[in-house]
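Remarks on the structure that follows.
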C-alpha cells in the first residue's frame, strides 16, 4: 500500500489551493487539538501548584497579572474556543444536522465569528 | 471469523468524552461567573469538595482519553513508516498515562 502511495502526486501549496471556509475550520480544529493536547501538562502543573500551598496559589494568581502570561492565556483560550465550537459543529454533523454544503459553510462562518466575539469578550473581562 | 476494526469504539469514546468535557467546562464557567473562589482556602475547599473533586478527576480522565483518540488520528494520518508510527504512539500513550497518574495524585492525594 505504501509503495504505490509514494508514486502518487501531491500538491500542498496552501496559497494556491482555493480553500473553502469549511477547510479552514477543519484545519484549525486539528491544529488546535494538537496544541491543547501539548498544553495539558502545563495546566495540570499550574493546578497542582495552586492547590499545594498558599505560596503556590499566590504564585499562580500573580502569574496572571503578568502581561505576557495574559497574552498567552488569551491565545490559548482562542485555541480552546475554536476547538470547542468546531467540535460542536462536528457533533451536529454526527446527528445529521447542517450536513448540506450551504449549511456547512454557514455553520463554519458561525464558528469563526463566534470564537472571535467570545475571545474579545473574554479578554475584555479577564484582562 | 475475526471482526474488522471499524474504529467505532474510538469514535464513540471521542464523542462521549467530548460531551462530558464540554458540559464540565460550562459548569466551571457558570460557577466562576456566579461564585468565583477568591482565596486559597475558598479554592481548595471548593475544588477538593467530594463532588467537585471526583467530577474534576473524571474531567481529566475524559480529557486524556479524548486527547489519545485525537492525537492518535493525527499520527495515523501523517506518519506512515511503521517503526516511527509505533514509537510515536507508544510515546503518546506513555505521556498520557503518566499525566493521568500525576493528575490523580494531585486531585485525589491532597
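Chains as they are written, first to last, in my numbering: chain A, 685 to 811; chain B, 1252 to 1361.
Glycine included, every Cβ here is placed at the ideal spot set by N, Cα and C.
In this text, all values refer to a predicted model and were calculated from it rather than measured experimentally.
Under the 8 Å criterion on CB atoms, residue 1325/B is classed as interfacial with respect to chain A. Under the 10 Å beta carbon count, residue 1347/B is surrounded by 16 or more other beta carbons and is classified as buried.
No Cβ of chain B is located within less than 8 Å of the beta carbon of residue 701/A.
In summary, residue 1302/B is exposed, with fewer than 16 beta-carbon neighbours lying within 10 Å of its beta-carbon over all protein chains present. Per DSSP, the unbroken alpha helix (DSSP H) holding residue 1301/B starts and ends at 1301-1329. For residue 721/A, the enclosing alpha helix (DSSP H) has its first and last residue at 705-736.
The C-beta distance from residue 1313/B to residue 1272/B rounds to 5 Å, short enough to meet the 8 Å contact threshold. Within the same chain, 1308 come within 7 Å of residue 1355/B by CB-CB distance, once the 5 residues on both sides are set aside. The Cβ-Cβ distance between residue 735/A and residue 1295/B falls below 8 Å. Contacts between residue 725/A and chain B, judged by CB atoms closer than 7 Å, involve 1350 in chain order.
Cβ-Cβ distances below 6 Å link residue 1343/B to 1322 in the same chain, with the five nearest sequence neighbours on each side left out; the list follows chain order.
Nearest CB-CB separation between residue 1312/B and chain A: not below the 8 Å threshold. By the CB criterion at 8 Å, residue 770/A and residue 713/A fall inside the cutoff. Taking a 10 Å sphere around the C-beta of residue 1351/B, we find 16 or more other C-beta atoms and assign the residue as buried.
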